[in-house]
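Q: Sharing a structure, written as structure tokens. Questions coming.
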Amino acid sequence: MDSALAGKYEGETENGRYHGRGKIVFADSTYEGTFFDGQMHGEGKMTVKNGYYTGYWEYGKLASGNFVFQDGLEHRKVTQKNWDYCSSNDPRFYGEIKDGIEKGMELRDVAAHDNAHLTPKDCFDTVDGYYDALKHAVFDYR
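The opening residue of the sequence shown carries number 397 in our numbering; numbering runs sequentially from there.
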């Protein structure tokens, strides 16, 4: 068995299989929720390095739900409308909204990280690089 797939399980079992409420810890993730016949099945939450998936699982796969990044930003499907940030209606980044910068206030032009001072004029910081709106491209700071 692949050691990355083997996890440490704590919870209810039935006939020697994960069944009912439980928690399984893998090398790079943790799932906590309900199991059915040895598989993630029902309401659950899988925590990974950069956030977590939450929703309804069917036979080991996320059937409905969403991903929430570690800063609290909730991922939305591209087909969903009415984004609450980075739109022509509201140009603030999620972090600016979260930090209390009101719509219409002057936006930050420098973020709090080591390379922020390298962001060229009229470009937008993306933490690991910057976006140049005139060139319609993202560039690396390196």
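Built from N, CA and C at the ideal position, the CB exists for glycine as well.
Can you name, in chain order, every residue of its own chain whose Cβ lies under 7 angstroms from the Cβ of residue 527, other than the five neighbours on each side?
A: So the qualifying residues of the chain are 519, 520 and 534.
Q: Which residues in the same chain as residue 458 place their Cβ atom closer than 7 angstroms to its Cβ, once the five residues preceding and following it in sequence are excluded?
A: The residues are 449 and 451.
Q: By DSSP, does residue 408 sit in helix, in strand, or in coil?
A: In this structure, residue 408 counts as strand in the three-state DSSP scheme.
Q: Compute the beta-carbon to beta-carbon distance between residue 416 and residue 406, rounded to the nearest angstrom, for a pair I have assumed lies under 8 angstroms.
A: Residue 416 to residue 406, Cβ: 12 angstroms. No contact.
Q: Of all the options 495, 404 and 408, which has the alpha carbon lying nearest to the alpha carbon of residue 421?
A: Cα-wise, what sits closest to residue 421 is 404.
Q: Between which residues of its own chain and residue 426 is the CB-CB distance below 6 angstroms, once the five residues before and five after are set aside?
A: 443.
Q: Decide if residue 498 is buried, meaning its Cβ has at least 16 other Cβ atoms within 10 Å, or exposed.
A: Its Cβ having fewer than 16 others within 10 Å, residue 498 is exposed.
Q: Which word fits residue 455, buried or exposed, when buried means at least 16 other C-beta atoms lie within 10 angstroms of its C-beta?
A: Exposed is the call here.
Q: Taking all protein chains shown into account, decide if residue 412 is buried (16 or more other Cβ within 10 angstroms of its Cβ) or exposed.
A: Answer is exposed; the Cβ neighbour count stays below 16.
Q: Buried or exposed: which applies to residue 430, given that a residue is buried once 16 or more other Cβ atoms fall within 10 Å of its Cβ?
A: Classification for residue 430: buried.
Q: Under the three-state reduction of DSSP, which class applies to residue 498: helix, strand or coil?
A: The answer is coil: DSSP assigns residue 498 none of H, G, I, E or B.
Q: Compute the distance between the beta-carbons of residue 453 and residue 434, then report whether it is under 8 angstroms.
A: Cβ atoms of residue 453 and residue 434: not closer than 8 angstroms.
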